[in-house]
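Q: Per this note's numbering, the very first residue in the sequence shown carries number 775; after that it's consecutive.
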Amino acid sequence: MTQILVVEDEERIASFLTKGLKAAGFGVTWAASGSEALALAVSRSPDLVILDLGLSDLDGMTVLRRMRDGGCAAPVIILTARTSVTDTVAGLEGGADDYMTKPFRFAELLARVKLRLRLPVAADAVHPVLAAGDVQLDLATRRAFVDGAEVALSGREFDLAQALMRRPGQVLTREQLLSLVWGYDHDPGSNVVDVYLSYLRKKIGAEQIETVRGLGFRWRG
Ligand code: CA
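1) How is the beta strand (DSSP E) around A905 delimited, first residue to last?
2) For D912, which three-state DSSP category applies?
3) The beta strand (DSSP E) with L825 in it runs from where to where?
4) Once you ignore the five residues that flank V955 on each side, which residues in its own chain have a CB closer than 7 Å to its CB?
5) Closer than 8 Å is the cut-off here; do at least three beta carbon pairs connect the region 970 to 983 with the region 914 to 931?
6) When you compare only the Cα positions, how much space is there between K888 and L838?
7) Let's see if you can read the secondary structure: which residues bound the alpha helix (DSSP H) around Q944?
8) For T933, is the beta carbon positioned less than 6 Å from some heavy atom of ligand 1?
9) Per DSSP, which one or two residues make a beta bridge with R917?
10) In whole angstroms, what separates the C-alpha of F991 from that of A914?
11) Can you check which of these residues, L853, G794, V781, P820, is closest to P877 by C-alpha distance?
12) State the Cα-Cα distance for the pair Q777 and A885, rounded to the nearest angstrom.
13) Buried or exposed for E785, please, with buried defined as at least 16 other CB atoms from any protein chain shown within 10 angstroms of its CB.
14) So, using beta-carbon positions, are R780 and I851 closer together than 7 Å?
15) With DSSP collapsed to three states, give me the class of D898.
16) What did DSSP end up calling R992 once you bin it into helix, strand or coil?
17) Can you tell me whether DSSP reads M775 as helix, strand or coil?
18) Taking S953 as the reference, which of M841, V966, G845, L795 has the closest Cα?
19) Would you identify the three-state DSSP class for G929, choosing helix, strand or coil?
20) Looking at ligand 1, does it come within less than 6 Å of E924, judged from the CB to the closest heavy atom?
21) To the nearest angstrom, how far is it from the Cα of A811 to the Cα of R879?
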């Protein structure tokens, strides 16, 4: 049985992880502290480690470094409440393979665990896909598909499609689209929204986006 070491000092989160991983068919060992984790990494030689960075005794980064120094080569997925890029980069440079920021969906963590263990995984669990009608947007790779065929969209076109597709049937005004896609630093009097809508319609099919006279635009999908 594939063994996973869960290093997490918060019992509630540890128990949630343990239950979910066991239900998915993994063997799970829980370490409630960094020092316990270091001992278990040696005695249990886990196949994968899920490591919380915020531990009560040792810093998670120290645990990671000592684990690697001690010869533990198992993939490590970091859990962190810190959303700063610096911590993440430090974690990946320090020998982690992947990271998740709290709060996270268990399904996504499970997908990453399977990916690291080279087990089959449903692609949509890792790469969120937004789909409406015939149009699909892969939000991770920022690729767009119409009827299964890839369509090359520019960054703004992709963002515009996403803004509309996230609100199917809802009418969005030019001002709302401007602020959603271009932010607030754009001249509200410009016709940039209309220009990009016409580009987008040419690429994904004019029928996808409806003009509601005097109000704005809505995704038809
Ligand atoms: Ca913690």
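Backbone N, C-alpha and C define an ideal beta-carbon position, used for all residues, glycine too.
Predicted model only: the values in this text are computed from it and were never measured.
A: Taking the structure as given:
1) Reading the sequence shown from its first residue, position 131 is the one you call residue 905. Where A905 is concerned, the enclosing beta strand (DSSP E) stretches over 903 to 906.
2) For the purposes of this step, residue 912 is taken as the residue at position 138 of the sequence shown. If DSSP states are grouped into helix, strand and coil, D912 belongs with the strands.
3) For the purposes of this step, residue 825 is taken as the residue at position 51 of the sequence shown. Note, L825: beta strand (DSSP E), 822 to 826.
4) Locating residue 955 in the sequence shown gives position 181, where the first residue counts as 1. Cβ within range, chain order: R930, D933, L934, A937.
5) yes
6) Your numbering for residue 888 matches position 114 in the sequence shown. Your numbering for residue 838 matches position 64 in the sequence shown. Taking the straight line from one Cα to the other gives about 20 Å.
7) Residue 944 sits at position 170 when you count from the first residue of the sequence shown. Where Q944 is concerned, there is no enclosing alpha helix (DSSP H), given that its DSSP letter is neither H nor E.
8) Taking the sequence shown and counting its residues from 1, the one referred to as residue 933 is at position 159. Note that residue 933 corresponds to Asp in the displayed sequence, not to Thr. No, the beta carbon of D933 sits no closer than 6 Å to any heavy atom of ligand 1.
9) Here residue 917 is taken as the residue at index 143 of the sequence shown, counted from 1. Looking at the DSSP assignment, R917 forms a beta bridge with D912.
10) Counted from its first residue, the sequence shown places residue 991 at position 217. Counted from its first residue, the sequence shown places residue 914 at position 140. If you take the alpha carbons of F991 and A914, they lie about 26 Å apart.
11) Mapped onto the sequence shown, residue 877 falls at position 103. Comparing Cα positions, the closest option is L853.
12) As a first step, residue 777 must be located in the sequence shown, where it is residue number 3. As a first step, residue 885 must be located in the sequence shown, where it is residue number 111. Taking the straight line joining both Cα atoms gives about 16 Å.
13) Translated into the one-based positions of the sequence shown, residue 785 becomes position 11. Under this definition E785 is an exposed residue.
14) What you label residue 780 is simply residue 6 of the sequence shown in a count that begins at 1. What you label residue 851 is simply residue 77 of the sequence shown in a count that begins at 1. The residue asked about is misnamed: residue 780 is Val in this sequence, not Arg. Cβ atoms of V780 and I851: not closer than 7 Å.
15) Residue 898 sits at position 124 when you count from the first residue of the sequence shown. Confidence in D898 is poor, its pLDDT being 49 and thus under 50, which makes the residue's placement unreliable; the coordinate value appears in the next sentence. Correct three-state label for D898: helix.
16) The count along the sequence shown starts at 1 and reaches residue 992 at position 218. R992 falls in the strand class under three-state DSSP.
17) On the sequence shown, position 1 is the one that residue 775 refers to. Coil.
18) Translated into positions along the sequence shown, residue 953 becomes position 179. That would be V966, whose Cα lies nearest to the Cα of S953.
19) Position 155 of the sequence shown, counted from the first residue, corresponds to residue 929. Three-state DSSP puts G929 in a helix.
20) Sequence index remark: in the sequence shown, residue 924 carries index 150 (1-based). No, the Cβ of E924 stays beyond 6 Å of every heavy atom of ligand 1.
21) For the purposes of this step, residue 811 is identified with residue 37 of the sequence shown, where counting begins at 1. For the purposes of this step, residue 879 is identified with residue 105 of the sequence shown, where counting begins at 1. If you draw a straight line from the Cα of A811 to the Cα of R879, it is about 24 Å long.
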